[in-house]
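Notes for the one structure printed next.
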């Protein structure tokens, strides 16, 4: 009994040093030398300013200004009220508060048989149609891709589906006065394929695509 | 459903088998003391560890001594982890708490500590809003290694009991522990962590960064030593995410490739252990028989889950959304799923992590369709023997194997024997208790959680008023009893009103009941498994005769699957009907 207690006490401390200190330090050291870009989160800079991480999704919206006070409108939680910026491709619906909060990720946890889920999907479809239909008159509820109406898992999904991007391309081309073919070719540049050719689904990286649009038009 | 979706599932089964075969051979050498190619590198550190611990690795222990070492070592681990988590701010001088997080309340910490000790990794806290890097590394990562190692050593000890020819020894606990960590878990973790960083995971000690987006919004991004923890989280079938959304977070699981890789990490050791078992018993066909039973049930679960998720949910259809696959769109129930994984990658991942005790998720289980969500339920109801947790899967299915031998013996009217050892009254009593104790804990806690107002406080408001609320509660205690750790994540035990975690509080009922659920359902079956090993160790081996029932042919595989499904169905069917099956059979919306 006594021997077991002594051995356990020594054992847990020695293993903590090996597995809890040495192991993560070695991995960090090797990663920082071999893959510094990845290890630090694939940060993207523009004009020397940090604008995001390549693999963390963002919300491309502008704060709504209250016309009376001239200040940014806040919701009941104190977060700014926003509206989608039509000059940019829009990311998927997010369940975090505020949307695309990469410091407190959470699932939306909307159940398959819940009225609230249906209401959330209906609202997402409505918002999507309100934004896209003026530029793509053939768009109907039945044609909205599932990724545009369903909340992502992480709330910070960096991708949208190629079908979703193709629909939004109509708006981007019109708002930015670009030929459709040029927008489509940018989309295909920032579409990644499946892992090993079969695992997962292709996705369009929204942040990279939007940055490329700005670069193309020389606004940055 | 797509061709590539089915191909992913098929290739996964092929890759898993191809990798597990050589690993099983290697692990057999590790536990029988044969020469391995790692000896030259690891022999020195191994001998050093024995000297520091002052143990003689060759001294055999009977089952009671083995169990005593295991329990005392676990208590030491529990105390240290609880201490580290409760004193989080004391370690700020290390610079590993850049966000200055306070400790979670005592009841949440009790739950978390019990959860990481028992390989459950149930999370009533949000990783990036509660845990400092210090707690993640020095506290949680350590138990991510030790808890699967405990599972493996119990499986190895039980095997020694089954094949033992003389005496009572089940081996030496410290020897098995040290070799498991040094020869198996650590090398694979190092390799896997580096692959993950190479593919886009992060590994740093930086403060959270604030970025200024191109439309003028700011975003704060959580950082940390993620890859080192992610690797052992998957390999050790732990499942406790660095971030709250677990393997759905792009930093934990950046691409379709890492998704495939992480799934292989989860199943590689549980699968290899089965092949190892065949080698150690000297009859590889015994291992192949068990592997076949596991693989058949696994594929069945994946196929059902994939079809259900690809079909879409009632809520989607009621909203007018079309869920068929179209060009450039995944279709299906993408609610709570990531674009880069799609439907097949999400369904497969969650089946992989619920058949094992991993419990990591790359999509929201709560948002799975009724039938898709019933699959994780069914996997848990089968007591995690379909590959199962690292080690726990093997010792649990061996108990079922012995039970199947017993039932088979009754059918043909002979004294049941397994590998030449008679299964008698004492063994059968221990086996039955070992098998039934987990369901008992799960159902008892679910009943408490549903019947009491304190328990219902944990049900999410979105799920209240329908069968989903019951499903959440049932899943919570079933998952904790099986030491799985996946969740219908609306069920909560931790309230965090604002960003930063000062002022957060725990729901004492859910934390305590869950904590005891995990501890009881982990250590009681371990003791029974070791006792069975001890009871078998001293038995004489009688030579196989004409009338001996074979345990390495397809007939036995069918019998084994039948026994597993029968026990699971008899214990859980009423509860399953009330939750997921009701939801799966109806298009009705609740709320």
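Chains as they are written, first to last, in the numbering used here: chain U, 1 to 220; chain R, 1001 to 1591. C-beta: ideal position from N, C-alpha, C; glycine also. Since the model is a prediction, treat every value here as computed from it, not as a measurement.
Exposure of residue i, with buried meaning 16 or more beta-carbon neighbours within 10 Å
i, result
"residue 1093 of chain R", "exposed"
"residue 151 of chain U", "buried"
"residue 1003 of chain R", "exposed"
"residue 1178 of chain R", "buried"
"residue 1492 of chain R", "buried"
"residue 154 of chain U", "buried"
"residue 1446 of chain R", "buried"
"residue 1314 of chain R", "buried"
"residue 1034 of chain R", "exposed"
"residue 163 of chain U", "buried"
"residue 1059 of chain R", "exposed"
"residue 1556 of chain R", "buried"
"residue 1249 of chain R", "buried"
Min CB distance residue i to chain R below 8 Å
i, result
"residue 47 of chain U", "no"
"residue 110 of chain U", "yes"
"residue 16 of chain U", "yes"
"residue 153 of chain U", "yes"
"residue 79 of chain U", "no"
"residue 182 of chain U", "no"
"residue 33 of chain U", "no"
"residue 59 of chain U", "yes"
Rounded separation between residue i and residue j - CA only
i, j, result
"residue 1206 of chain R", "residue 1362 of chain R", "25 Å"
"residue 177 of chain U", "residue 50 of chain U", "28 Å"
"residue 22 of chain U", "residue 1127 of chain R", "22 Å"
"residue 1149 of chain R", "residue 1181 of chain R", "7 Å"
"residue 217 of chain U", "residue 1470 of chain R", "54 Å"
"residue 1174 of chain R", "residue 1055 of chain R", "7 Å"
"residue 1562 of chain R", "residue 1571 of chain R", "14 Å"
"residue 1231 of chain R", "residue 1410 of chain R", "45 Å"
"residue 1021 of chain R", "residue 1268 of chain R", "9 Å"
"residue 1333 of chain R", "residue 27 of chain U", "37 Å"
"residue 1308 of chain R", "residue 41 of chain U", "35 Å"
"residue 1396 of chain R", "residue 1413 of chain R", "26 Å"
"residue 1482 of chain R", "residue 1122 of chain R", "11 Å"
"residue 1550 of chain R", "residue 1290 of chain R", "13 Å"
"residue 47 of chain U", "residue 211 of chain U", "12 Å"
"residue 1378 of chain R", "residue 1328 of chain R", "33 Å"
"residue 63 of chain U", "residue 1272 of chain R", "54 Å"
"residue 1380 of chain R", "residue 1490 of chain R", "19 Å"
"residue 1113 of chain R", "residue 1082 of chain R", "6 Å"
"residue 1319 of chain R", "residue 134 of chain U", "21 Å"
"residue 1246 of chain R", "residue 1524 of chain R", "29 Å"
"residue 1243 of chain R", "residue 1097 of chain R", "15 Å"
"residue 1418 of chain R", "residue 1204 of chain R", "51 Å"
"residue 193 of chain U", "residue 202 of chain U", "4 Å"
"residue 1331 of chain R", "residue 148 of chain U", "11 Å"
is_contact[residue i, chain U] using C-beta, thresh 8 Å
i, result
"residue 1495 of chain R", "no"
"residue 1457 of chain R", "no"
"residue 1011 of chain R", "yes"
"residue 1208 of chain R", "yes"
"residue 1214 of chain R", "yes"
"residue 1333 of chain R", "yes"
Amino acids of chain R, ordered along the chain, whose beta-carbon sits closer than 8 Å to that of residue i
i, result
"residue 134 of chain U", "None at all; the shortest Cβ gap to chain R is about 20 Å."
"residue 176 of chain U", "Within chain R, no residue comes near residue 176 of chain U; the closest Cβ sits about 14 Å away, beyond 8 Å."
"residue 149 of chain U", "1316, 1319, 1321"
Neighbour list for residue i in chain R, Cβ cutoff strictly below 7 Å
i, result
"residue 118 of chain U", "1315, 1318, 1319, 1589"
"residue 107 of chain U", "1245, 1336, 1364, 1366, 1489"
"residue 76 of chain U", "Result: empty, since nearest Cβ-Cβ is about 13 Å, beyond 7 Å."
Counterpart residues of residue i in DSSP-defined beta bridges
i, result
"residue 1418 of chain R", "R/1421"
"residue 123 of chain U", "Partner(s): none; residue 123 of chain U has no beta bridge."
"residue 159 of chain U", "U/205"
"residue 1329 of chain R", "R/1326"
Closer than 9 Å at the beta carbon, the chain U residues around residue i
i, result
"residue 1305 of chain R", "Per Cβ cutoff of 9 Å: no residues; residue 1305 of chain R is ~13 Å from chain U at best."
"residue 1223 of chain R", "40, 41"
Chain-ordered chain U contacts of residue i [CB-CB under 8 Å]
i, result
"residue 1137 of chain R", "20, 21, 24"
"residue 955 of chain R", "Examination of residue 955 of chain R is not possible in this model, given that chain R is present from 1001 through 1591 alone."
"residue 1345 of chain R", "199, 200, 201"
Partner residues on chain R for residue i, Cβ-Cβ distance less than 9 Å
i, result
"residue 217 of chain U", "In chain order: nothing, as chain R lies at least about 12 Å away."
Per-residue contacts from residue i into chain U (C-beta, under 7 Å)
i, result
"residue 1142 of chain R", "15, 16, 19, 20"
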